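> Before we start, here is the structure in question, set down as structure tokens.
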Amino acid sequence: MLTAIIDYESGNLHSAEKAFQRMAREVDGGEVVVTSDADVVARADRLVLPGDGAFPACAEELRGHRGIYEAMVEAVEQNGRPFLGICVGMQLMATTGHEYRDTPGLGWVAGDVVKITPSDSTLKVPHMGWNNLVIDHDHAIFDGITSGDHTYFVHSYHFRVTDPSERLAHVEYGGDVTAVIGRETMVGMQFHPEKSQDIGLRMIGNFLTWAP
6 MLTAIIDYES GNLHSAEKAF QRMAREVDGG EVVVTSDADV VARADRLVLP GDGAFPACAE
66 ELRGHRGIYE AMVEAVEQNG RPFLGICVGM QLMATTGHEY RDTPGLGWVA GDVVKITPSD
126 STLKVPHMGW NNLVIDHDHA IFDGITSGDH TYFVHSYHFR VTDPSERLAH VEYGGDVTAV
186 IGRETMVGMQ FHPEKSQDIG LRMIGNFLTW AP
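Below you can see the structure in the form of structure tokens.
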């Protein structure tokens, strides 16, 4: 079993790599590698797409890595490989991102990435720090997780999902802010599981043993 964390030059992947490797050992989840090799992406059993920065820059970097992008799309769309998007990696699953300019996403989960606009003017953007999950729909990624468990966020934009059934969890921040999305073999987390202590590690382990 091989899990590939895709390196397309969008952020420091060291902490994610260590967290996934730790949980792979704990749940017998096989090998975890950080890779920019399209052949490794193509043969991986599971794929993880992180992301750090602005939506347009991440989308451009991902599509600019010819070979990696095509291998990822084929693995997910044609071969049904389990996929996890993290932070901007989750946002890239959307139809369109609206940060700075309208930018096409992967279109895997219908919806738009829009600026967080809290109804309470005292709440600052970016939404940064710990917040409590509200689970909207059961999913294997939540095995051992309950509403009220908290995870760590750093973001100014969030995923406004078209189909409510594909928003698996949200948090309250002057209104609903999408935290977890999913459909078929794909799931995405707006928060950083590698920075979310025991709860985040548990969700990483759940992904590594998920059999959609």
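Mapping of the sequence shown onto the working numbering: position 91 corresponds to residue 96, and the numbering continues sequentially without gaps.
Glycine included, C-beta positions come from ideal geometry on N, C-alpha and C.
No experiment lies behind these values; they were computed from the predicted model shown.
1. Quick check on the burial criterion: 16 or more other C-beta atoms within 10 angstroms. Buried or exposed for aspartate 44?
2. State the CB to CB distance for the pair phenylalanine 60 and valine 118, rounded to an integer number of angstroms; the pair is presumed to be in contact (CB under 8 angstroms).
3. Would you mind stating whether aspartate 125 and glycine 179 have Cβ atoms separated by less than 9 angstroms?
4. Can you list, in chain order, the stretches of the alpha helix (DSSP H) that have 4 or more residues and sit fully within the region 28-79?
5. Who are the near neighbours of arginine 172 in its chain, counting only those whose CB is closer than 7 angstroms to its CB and skipping five residues on each side?
6. How about valine 53 and glycine 94: do their beta carbons lie closer than 9 angstroms?
7. Once DSSP output is grouped into helix, strand and coil, what is the label at isoleucine 91?
8. Residues in the same chain with beta-carbon distance under 7 angstroms from glutamine 26, minus the five sequence neighbours each way, listed in chain order, please.
9. List the whole-angstrom C-beta distance separating valine 46 from alanine 76, where the pair is believed to meet the contact cut-off of C-beta under 8 angstroms.
10. Helix or strand or just coil, what does DSSP make of alanine 24?
11. Quick one, which of His144, Met6, Ala174 has its alpha-carbon nearest threonine 156's?
12. So glycine 72 and leucine 97 are in contact, right, with Cβ under 8 angstroms, and what is the actual spacing, rounded?
13. If you measure between the beta carbons of isoleucine 91 and histidine 197, is that distance less than 9 angstroms?
14. I need the straight-line Cα distance from asparagine 148 to methionine 208, nearest angstrom please.
15. DSSP three-state label for isoleucine 121, please.
16. Can you tell me whether serine 170 is buried or exposed? The criterion is at least 16 other CB atoms within 10 Å of its CB, across all chains shown.
17. Restricting to runs no shorter than 4 residues, where is the alpha helix (DSSP H) found entirely within the region 124-181?
18. May I have the straight-line CA-CA distance separating threonine 101 from aspartate 168, to the nearest angstrom?
19. Only counting the same chain, and skipping five residues up and downstream in sequence, which positions put a Cβ closer than 8 angstroms to that of alanine 29?
So, to answer that:
1. Answer is exposed; the Cβ neighbour count stays below 16.
2. Contact flag correct, Cβ pair sits at about 6 angstroms.
3. Their beta carbons are under 9 angstroms apart, which means aspartate 125 touches glycine 179 by this criterion.
4. Listed in chain order, the complete alpha helix (DSSP H) runs (minimum 4 residues) inside the region 28-79 are 43-48, 60-69, 73-78.
5. The residues are Asp141, Val166, Thr183, Ile186.
6. With contacts defined by Cβ atoms closer than 9 angstroms, valine 53 and glycine 94 form a contacting pair.
7. Correct three-state label for isoleucine 91: strand.
8. The residues Val37, in chain order, have a CB closer than 7 angstroms to that of glutamine 26 in the same chain once the five nearest residues on each side in sequence are set aside.
9. About 4 angstroms; that satisfies the 8 angstroms criterion.
10. Reduced to three states, the DSSP call for alanine 24 is helix.
11. Looking only at His144, Met6, Ala174, the smallest Cα-Cα distance to threonine 156 is reached by Ala174.
12. Not really, about 17 angstroms apart at Cβ, beyond 8 angstroms.
13. One thing to note: isoleucine 91 has its Cβ within 9 angstroms of the Cβ of histidine 197.
14. A small fix is needed here, since residue 148 is aspartate in this sequence, not asparagine. C-alpha separation (whole angstroms): 8 angstroms.
15. Here isoleucine 121 sits in coil by DSSP.
16. It is exposed - the Cβ of serine 170 has fewer than 16 other Cβ atoms within 10 Å.
17. Taken in chain order, the whole alpha helix (DSSP H) runs of length 4 or more contained in the region 124-181 number zero.
18. Rounded to whole angstroms, threonine 101 to aspartate 168 spans 15 angstroms at the Cα level.
19. Thr8, Gly35, Glu36, Val37, Leu213, listed in sequence order.
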